[in-house]
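Chemist:
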Amino acid sequence: MDDINPINTLDRTPDGPDGKFVTNLDWNLLRTFVVIAEEGSITRAASRLLRRQPAVSLALQRLETELGMRLIERGGGSFRLTAAGRELYARCVDIYGDIARLKEATTSAAREISGSVTIHLASHVTTPILDRVLTDLYRKHPGISYRMRIRSSAAVAEDVRDQHATLGICLVNRKLPLLDYDVLYREFFGFYCGPPHPLFGRENLRLEDLRNCDSVSFETDDLRDALRPVAQLRQQHLLDLRVVGQSIQLEEVQRMIRCGLGIGPLPVHVVERDVRDGLLWRLPPYSDAPAVDIHLVTNPRRRLSRAERLVVDALRDAIASEPLEARTYGGPETPQASA
């Protein structure tokens, strides 16, 4: 059997107009189009690409000419992708996801598994499951590196959908189509105040005692967002308080509560040490605290590298090995039981 010349195989493009299109296409035009679509503006796209606006407009026109169709309807203050534009954008996301992993793909036959795994997660993800998986994988495969980024829960899911992240770990209010969701663990939220607050140290409190207090919380503490169970509890007991501080970061919500700005919700198991150290005081409700599920979010359309596949499979195996009861933290307790 004759050997295949790998260089010659690159020249085997389809005959006819499609083959000419593949040969002549300037791939930079696709990159420019992706940025225009993501920014929703040629001006903002030019700023992000560090190019002049006329050059970006010309690149879009060239791509539309080569394709023979409009990709973006613009003019009169409107700017939206056409059906062809939406389809091209979806394909380009896949293409650039593959390109980003080309270097690793060329060395995937190596015995040592290496590569980068990108994990986007909500700020208060605290579970021994993730910690054990990372510890075990580092011992067995030290060549794997990790990039972790804190995002809002909605942004985490969108990043996984758009293939900007290998996997996501976040709260979920509305499941996006085409993504896979696995409950990683369940946590309970309690209300807390800090030492400067007038309710700090008071026992036998009732929910009614919280009604005239200012509040701090997460930006997702809303009936239409990821912390819906907490928002429902507020509404049910007329605790729609004046909000004086918000953040997507647990550390900053915790800081504002400790400083006495107001009362606020925190995951019970995350702040147990602060309660023991006298930095936080648990408030009612104690027995019917809202439960929130934290999900592992993956995209089945993403072509995973060996390192990425290893991490995703390890997390799923860890989930499958324990019932949800064993993955539930901070359940109902008596007031200041951990103090």
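So the sequence shown is numbered by UniProt numbering: it starts at 1 and just counts up by one. All C-beta atoms, glycine included, are put in the ideal place defined by N, C-alpha and C.
Under 9 Å between the Cβ atoms of Gly264 and Val275?
Modeler: Taking the sequence shown and counting its residues from 1, the one referred to as residue 264 is at position 264. Taking the sequence shown and counting its residues from 1, the one referred to as residue 275 is at position 275. Not a contact, by the Cβ cut-off of 9 Å.
Chemist: Taking the straight line between their C-alpha atoms, what separation do you get for Gln163 and Glu208?
Modeler: To locate residue 163, count along the sequence shown from 1; it is residue 163. To locate residue 208, count along the sequence shown from 1; it is residue 208. Near 46 Å, if we compare the C-alpha coordinates of Glu208 and Gln163.
Chemist: For Ile150, write down the residues that DSSP places opposite it in a beta bridge.
Modeler: Mapped onto the sequence shown, residue 150 falls at position 150. According to DSSP, Ile150 bridges with Leu121.
Chemist: Looking at the secondary structure, which residues open and close the alpha helix (DSSP H) in which Leu283 lies?
Modeler: Here residue 283 refers to the residue found at position 283 of the sequence shown. Counting along the chain, Leu283 falls outside any alpha helix (DSSP H), though it belongs to the beta strand (DSSP E) covering 281 to 283.
Chemist: Determine, using beta carbons only, whether Thr328 and Tyr185 come nearer to each other than 9 Å.
Modeler: Here residue 328 is taken as the residue at index 328 of the sequence shown, counted from 1. Here residue 185 is taken as the residue at index 185 of the sequence shown, counted from 1. Yes, Cβ-Cβ distance for Thr328 and Tyr185 is below 9 Å.
Chemist: Return the residue from the list Ala318, Asp182, Thr43, Glu38 that minimises the CA-CA distance to His295.
Modeler: Position 295 of the sequence shown, counting from 1, holds the residue named residue 295. Measuring from the Cα of His295, the nearest candidate turns out to be Asp182.
Chemist: Which of helix, strand or coil does DSSP assign to Gln113?
Modeler: Here residue 113 corresponds to residue number 113 of the sequence shown, with the count starting at 1. Note on identity: in this sequence residue 113 is Ile, with Gln being the wrong assignment. Ile113: coil per DSSP, three-state reduction.
Chemist: Return the CA-CA distance between Cys259 and Arg132, expressed in angstroms with no decimal places.
Modeler: Translated into the one-based positions of the sequence shown, residue 259 becomes position 259. Translated into the one-based positions of the sequence shown, residue 132 becomes position 132. If I take the Cα positions, the gap works out to 33 Å.
Chemist: Ends of the beta strand (DSSP E) at Val244?
Modeler: Position 244 of the sequence shown, counted from the start, is the residue given in the question as residue 244. It spans 243 to 247 - the beta strand (DSSP E) in which Val244 sits, taken as one unbroken run.
Chemist: Where does Asp136 land, buried or exposed, given buried means 16+ other C-beta within 10 angstroms?
Modeler: As a first step, residue 136 is located in the sequence shown; it is residue number 136 there, counting from the start. Exposed, because fewer than 16 other Cβ atoms sit within 10 Å of the Cβ of Asp136.
Chemist: Roughly how many whole angstroms lie between the Cα atoms of Pro290 and Phe189?
Modeler: Here residue 290 refers to the residue found at position 290 of the sequence shown. Here residue 189 refers to the residue found at position 189 of the sequence shown. Their Cα atoms are separated by approximately 6 Å.
Chemist: Among Tyr138, Thr32, His124, whose alpha-carbon lies nearest the alpha-carbon of Leu88?
Modeler: As a position in the sequence shown, residue 88 is number 88, starting the count at 1. The candidate whose alpha carbon is nearest that of Leu88 is Thr32.
Chemist: Using DSSP with H/G/I as helix, E/B as strand and the rest coil, what is Leu167?
Modeler: Stepping through the sequence shown from its first residue, residue 167 is reached at position 167. Strand, per DSSP.
Chemist: Going by beta carbon distance, what residues of the same chain come within less than 6 Å of Arg302, once the five residues before and after it are set aside?
Modeler: As a position in the sequence shown, residue 302 is number 302, starting the count at 1. Here the set comprises Gln163.
Chemist: My parser needs the beta strand (DSSP E) runs of 3 or more residues fully inside the region 46 to 115; what are they?
Modeler: Whole beta strand (DSSP E) segments, 3+ residues: 72 to 75, 78 to 81.
Chemist: Tell me the rounded alpha-carbon separation between Arg86 and Ile248.
Modeler: Position 86 of the sequence shown, counted from the start, is the residue given in the question as residue 86. Position 248 of the sequence shown, counted from the start, is the residue given in the question as residue 248. In a straight line, the C-alpha of Arg86 is about 30 Å away from that of Ile248.
Chemist: Figure out for me which residue from Ala37, Glu66, Ser152 has the closest Cα to the Cα of Asp26.
Modeler: Counting from one through the sequence shown, the residue named residue 26 turns up at place 26. Of the listed residues, the one whose Cα sits closest to Asp26 is Glu66.
Chemist: Does the structure place the region 145 to 157 close enough to the region 277 to 292 that three or more beta carbon pairs sit under 8 Å?
Modeler: No, they do not touch.
Chemist: According to DSSP, what are the bridge partners of Asp293?
Modeler: Taking the sequence shown and counting its residues from 1, one reaches residue 293 at position 293. Answer is Arg186.
Chemist: May I have a chain-ordered list of the alpha helix (DSSP H) segments no shorter than 4 residues that lie completely inside the region 301 to 328?
Modeler: You should have 306 to 320.
Chemist: Should Leu199 and Leu283 be called a contact, given that it needs their Cβ atoms to be closer than 9 Å?
Modeler: The sequence position of residue 199 within the sequence shown is 199, counting from 1. The sequence position of residue 283 within the sequence shown is 283, counting from 1. Cβ atoms of Leu199 and Leu283: closer than 9 Å.
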